[in-house]
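Structure, as C-alpha cells:
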C-alpha cells in the first residue's frame with residue numbers, strides 16, 4: 238500500500254553476468270568477460286598512483302564542487318567550469334537532470350531500443366515515456382521529431398547507440414535540431430563518443446553550442462574507470478546551475494575524483510585503448526562475416542550480432558557461457574534476437590571467435 242503503482246511495476250536495470258557468478262555456477266576458472274563494454278586494458282597506471290596518493294583522504298568528505306576535476310574538464314574541452322557537471326556515472330547526472338526539469342505532465346521521448354538505465358530512471362518518477370522504433374538499427378530522428386508533443390520536455394539520444402553501436406549522422410542531427418522546440422531539452426548520451434570521433438559523419442556534440450542540449454560522457458569506457466562510477470556532462474551554465482541544486486552533494490567520491498583527474502591527463506593511454514579497440518572491432522566484424530553471422534556496423538567498443546530469433550540468440554549465449562565467455566543478451570533492451578559482444582584483449586577476442594566457429598559448425 239505504501240509503494241506507488243509505477244514503482245511496484247518497475248522493471249529494474251539488469252546488469253550483465255559477472256565473472257564471480259559464472260564461476261560459482263560453472264566451476265570454471267578461466268573466464269572471459271565480454272559483456273559489459275569495459276576497457277580491455279583496465280585503467281591507466283596513473284590512476285593507481287593517484288589513488289595511492291589520495292587513499293589517506295577517504296575519511297574526508299569529497300569536494301562538493303569537484304573543482305579540480307571540473308577545471309580539468311573545462312580546460313580539455315575549451316569551456317568554462319560553469320558549463321561542467323560531474324556525478325556518480327552518467328546515470329547519476331541523468332537522475333539529477335530528470336529531477337531538475339521534469340514534473341507533472343511532462344513527457345520524455347527516446348528510441349525503443351537504447352540504454353535501459355534511462356528507462357528505469359524515467360519510469361521510477363512515474364513519468365510518461367514515449368518511444369520510437371529504430372530504423373535499420375539506428376535512431377530514426379525524423380520519426381522522433383514527428384513524435385514530439387507539446388508535453389515533450391526531454392528527448393534522450395544515445396550516440397553511438399547502446400546496444401547497437403550504430404550512429405546517427407551530423408546531417409541527421411542538425412536537421413533534427415531545427416525541429417526541436419526551444420523549451421525541450423535534448424540529452425546526448427555520448428558514453429562511447431571517443432570511439433567514434435574519427436568518423437567525419439559523427440556529430441560530436443561538443444562541436445556545437447546549443448542552449449537546449451546537455452552532453453553526457455563517462456570515465457567508464459575509454460578511461461577504464463567503470464568501477465569508480467564517475468561521469469561528466471556539459472551544458473549552458475544556466476542549465477548546469479539548476480542541475481547542481483538537485484545533484485547529490487557528495488558525489489563523486491574522493492577516490493573517484495582523483496582517479497578521473499589522473500585518467501584525463503593520460504591521453505597516451507586513451508590513444509592505446511582506441512588502437513586496441515579499433516583493431517579488435519575490425520577483427521570481430523571480419524571474423525563474424527566469415528563465419529556467416531549477421532553483425533551490425535559499430536562505432537563503439539562492442540559489436541552486436543543479430544540472429545533469426547530469441548531462441549537462437551540464447552542458444553549461442555548459453556553455449557558461450559559453457560566455454561567461459563560472457564556476452565550480453567539484449568532482450569532487456571527490446572532486441573530479443575541480439576547479442577552484444579565487447580571488444581576484449583586479442584586473446585579474448587580469438588577465444589570468442591573460436592567458440593562461435595565451433596557452434597556454427599555444430
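Numbering (the numbering used here), first residue to last: 238 to 599.
C-beta atoms are modelled at their ideal positions from N, C-alpha and C, and glycine is treated no differently.
The DSSP-derived three-state label of residue 397 is coil. The straight-line gap separating the alpha-carbon atoms of residue 256 and residue 262 is approximately 10 Å. Around residue 467, the same chain offers 456, 489, 493 and 497 as residues with beta carbons nearer than 6 Å, after the five sequence neighbours per side are excluded.
DSSP, read as helix, strand or coil, puts residue 321 in strand.
Residue 559 and residue 479 have their C-alpha atoms some 49 Å from each other. Looking at the backbone, the Cα of residue 567 and that of residue 357 are separated by about 16 Å.
When only Cα atoms are considered, residue 535 and residue 512 end up about 15 Å apart. Per DSSP, the continuous alpha helix (DSSP H) segment holding residue 357 begins and ends at 353-360. Boundaries of the beta strand (DSSP E) around residue 579: 575-579.
Excluding its 5 nearest sequence neighbours in each direction, residue 484 has C-beta neighbours in its own chain below 8 Å: 322, 324, 329, 330 and 333, listed in chain order.
Look at residue 240 here: in three-state DSSP terms it is coil, with no helix or strand label. The residue among 576, 504 and 510 with its C-alpha nearest the C-alpha of residue 530 is 576.
For residue 410, the number of other beta carbons within 10 angstroms of its own is at least 16, and it is reported as buried. Residue 374 and residue 290 have their C-alpha atoms spaced approximately 45 Å apart. Bridge partners of residue 539 according to DSSP: 579. Check the Cα spacing between residue 247 and each of 360, 562, 424 and 313: the tightest is with 360. Cβ contact annotation for residue 459 (same chain, cutoff 6 Å, sequence separation greater than five): 431, 507 and 510, in chain order. In the structure shown, residue 550 adopts helical secondary structure according to DSSP, grouped into three states. With the rule of 3 Cβ pairs closer than 8 Å, the region 417-430 does not count as touching the region 291-300. DSSP places residue 367 inside the beta strand (DSSP E), whose first and last residues are 365-369. For residue 469, the enclosing beta strand (DSSP E) stretches over residues 468-471. In the three-state reduction of the DSSP assignment, residue 452 falls in the strand class. Burial state of residue 239 is exposed, judged by a 10 Å Cβ sphere holding fewer than 16 other Cβ atoms. Under the criterion of beta carbons closer than 8 Å, residue 486 and residue 301 qualify as touching, at roughly 5 Å. If you draw a straight line from the Cα of residue 454 to the Cα of residue 310, it is about 11 Å long. Shown here for residue 338: same chain residues with a beta carbon closer than 7 Å to its own, the five before and five after excluded, namely 390, 391 and 422 in chain order.
Secondary structure note for residue 266: it is in no beta strand (DSSP E), with a DSSP letter that is neither H nor E.
The secondary-structure analysis by DSSP pairs residue 426 across a beta bridge with 395 and 453.
By the C-beta density criterion, residue 266 is exposed, having fewer than 16 other C-beta atoms within 10 angstroms.
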